Structures are given as structure tokens and as C-alpha cells.
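Input: a single structure, listed below in C-alpha cells.
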Amino acid sequence: DGGITQSPKYLFRKEGQNVTLSCEQNLNHDAMYWYRQDPGQGLRLIYYSQIVNDFQKGDIAEGYSVSREKKESFPLTVTSAQKNPTAFYLCASSQSSDRGYGYTFGSGTRLTVV
Amino acid sequence: GDSVTQMEGPVTLSEEAFLTINCTYTATGYPSLFWYVQYPGEGLQLLLKATKADDKGSNKGFEATYRKETTSFHLEKGSVQVSDSAVYFCALRRGSGGSNYKLTFGKGTLLTVNP
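Just so you know, the sequences run in chain order C and G. Quick note, the first sequence lines up with residues 4 to 117 if you use the numbering used here. Quick note, the second sequence lines up with residues 534 to 648 if you use the numbering used here.
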């Protein structure tokens with residue numbers, strides 16, 4: 004079955020470390036997205052990519068970086084510059100050519116700073 | 534800019550009660566409207582959608598009607614179950630191309646159903 008796979012499900016980061024969250028999709032979707040979710044704050048867009056080798060900052064890009072070298076993959080790196088990285092991170096993809104399509108989401112990665 | 538406003542939660546109901554979660558939107562043009570559901574510790578799942586005025590989306594007993602005159606897309610269910618306990622997100626997508634690739638989400642409404 005097609006879908007989005009996020010790994011790992013749980014991730015622990017020490018202060019000052021960079022960590023990378025994986026997101027892979029086999030839906031042949033053009034666009035991919037990263038969201039951060041904090042309790043009571045809904046979803047906030049970090050980065051998005053409409054095509055390979057191109058991506059744009061979302062609303063809270065500071066302290067994060069991404070790459071889109073393959074259509075199927077959109078990894079997110081949480082750098083040491085992100086001061087409060089503890090959160091639930093969600094990756095999504097969409098068929099960008101039609102507004103009638105929503106997003107397909109992965110199951111999320113919970114990142115905790117220890 | 535585009536925006537989605539949902540009723541603030543949490544909403545607590547008894548099993549078999551009637552559910553309404555209000556959602557209104559602001560957008561130019563003719564957006565598509567969506568409801569997503571998030572169960573604890575999981576990602577979001579598409580619950581239902583509507584792509585034009587007066588369309589009714591439905592799934593698993595949930596319904597929502599696209600009301601352009603009131604810019605609303607309220608979620609309803611006639612008889613909720615404990616298993617419906619989750620966070621519900623209303624969202625819109627304005628069109629294809631450029632920044633219209635993005636969905637605009639509401640803040641989410643936590644529903645708790647007690648037996």
C-alpha cells in the first residue's frame with residue numbers, strides 16, 4: 004500500500020546536537036511538507052517542497068534545514084540553533100496539481116531534548 | 534490571507550450524543566474544504582472533504598456541508614462513540630500552483646467522548 008513513512012517514531016537529542024528526521028513517500032506525490040505540533044498550538048509549517056531540488060521556508064523555519072534530492076524523500080534536520088525542539092513532527096505529501104486533494108500524513112516523530 | 538477558525542475545545546460528550554464542531558473560513562476564490570482527524574500519538578487522517586459550494590462530505594457517520602454564503606463547513610455526527618475521541622482539524626486549500634499548494638489549518642478541536 005502507498006503511504007508516507009516517518010522514522011524514527013521517537014527520537015532523543017542532547018543539547019547542541021543536530022538530528023535528522025526521515026520522511027519517505029511512495030505515492031508519487033510532487034509536494035512534501037514538514038509541520039511541527041505543540042500541545043494546544045495546532046500545526047505550524049516548517050518547510051515545504053513542490054518539486055525535487057526546490058523548497059521554501061514556512062512559518063517557523065529558523066533552526067531547521069531540509070533537502071529534496073529525490074521525489075520520494077524529504078528529510079528534516081533539527082539543528083542546534085533550534086532552541087526549543089521538543090515537539091511532535093509531522094511529514095505530509097500531496098498531489099499538487101488539483102486543489103481537491105488534501106494531504107497524506109505520516110505517523111509522526113516525537114523529538115525530545117534530554 | 535487565508536484563515537480557518539474552529540470552535541475552541543475541549544468538547545466533552547456522552548456516548549450517543551449529537552456532535553457539532555463549528556468551522557468558518559476566510560479565503561479568496563473557491564477553496565476546497567477538509568476535515569482531518571488525529572488520534573492520540575498518530576498523524577492526521579483525512580476524514581472528509583468538499584470541493585464546491587453545497588457539496589456534502591461524509592465518512593464514518595460524520596458529515597459536513599460546504600456553505601459558501603456563510604463561509605462555513607461545520608462537522609456533525611448524530612451519535613458519537615468513545616472511539617471518536619480525537620482532535621479534529623478543519624482546513625482549506627485555495628487552488629493549485631504557487632503558494633496554493635499549502636493547506637491552511639484551524640487550531641484543532643479536542644473531542645472526548647465518555648461511556
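No residue lacks a Cβ here, since even glycine has one placed at the ideal position from N, Cα and C. Here the structure is a predicted model, which is why all the values come from computation and not from measurement.
In DSSP terms, what residue i is bridged to
i         : result
Lys589(G) : Thr598(G)
Thr545(G) : Thr645(G)
Lys582(G) : Phe567(G)
Gln539(G) : Cys556(G)
Phe606(G) : Answer is none; Phe606(G) lacks a bridge partner.
Arg16(C)  : Val116(C)
Ala624(G) : Phe567(G) and Phe638(G)
Ser10(C)  : Ser25(C)
Tyr36(C)  : Tyr51(C) and Ala95(C)
Phe108(C) : Ala95(C)
Ala619(G) : Leu644(G)
Leu577(G) : Gln571(G)
Any chain C beta carbon closer than 8 angstroms to residue i
i         : result
Gly611(G) : no
Ser565(G) : yes
Phe606(G) : no
Leu644(G) : no
Lys635(G) : yes
Arg626(G) : yes
Glu575(G) : yes
Gly641(G) : yes
Thr538(G) : no
Thr584(G) : yes
Phe638(G) : yes
Leu546(G) : no
Residue from the options whose Cα sits closest to the Cα of residue i
i         : options                                       : result
Glu65(C)  : Arg47(C), Ala84(C), Phe58(C) and Glu75(C)     : Ala84(C)
Leu625(G) : Gly103(C), Val117(C) and Leu114(C)            : Gly103(C)
Asn87(C)  : Thr115(C), Ser52(C), Val55(C) and Tyr51(C)    : Thr115(C)
Ile49(C)  : Ile63(C), Asp41(C), Val55(C) and Val81(C)     : Ile63(C)
Thr82(C)  : Lys17(C), Gly43(C), Asn31(C) and Gly5(C)      : Lys17(C)
Thr604(G) : Gly562(G), Leu580(G), Phe595(G) and Thr645(G) : Gly562(G)
Val117(C) : Gly45(C), Ser97(C), Ala90(C) and Pro42(C)     : Ala90(C)
Gln40(C)  : Ala597(G), Leu644(G), Gly639(G) and Glu609(G) : Gly639(G)
Asn592(G) : Lys585(G), Gly611(G), Pro564(G) and Pro648(G) : Gly611(G)
Ser565(G) : Asn555(G), Pro543(G), Ala550(G) and Tyr599(G) : Tyr599(G)
Ala34(C)  : Tyr51(C), Leu46(C), Ser70(C) and Glu27(C)     : Tyr51(C)
Cys2(C)   : Arg113(C), Ser97(C), Leu79(C) and Tyr106(C)   : This structure does not reach residue 2(C), given that chain C is present from 4 up to 117, and the question cannot be answered.
Phe567(G) : Thr112(C), Ser110(C) and Gly105(C)            : Gly105(C)
Residue-level contact to chain G via CB, residue i, 8 angstroms cutoff
i         : result
Gly103(C) : yes
Phe58(C)  : no
Phe77(C)  : no
Leu114(C) : no
Tyr13(C)  : no
Leu30(C)  : no
Leu24(C)  : no
Tyr106(C) : yes
Ser68(C)  : no
Gly109(C) : yes
Tyr51(C)  : yes
* Tell me, please, whether the segment 12-19 of chain C touches the segment 66-76 of chain C by the rule of three or more beta-carbon pairs shorter than 8 angstroms. => no
* To do: Can you check the segment 38-100 of chain C for any alpha helix (DSSP H) of at least 4 residues that lies completely inside it and give the ranges in chain order?
  => none
* Would the segment 535-552 of chain G and the segment 16-23 of chain C be scored as touching if the rule is three or more Cβ pairs under 8 angstroms? -> no
* To do: Would you be able to state if there are at least three C-beta pairs under 8 angstroms between the segment 565-583 of chain G and the segment 600-620 of chain G?
  => yes
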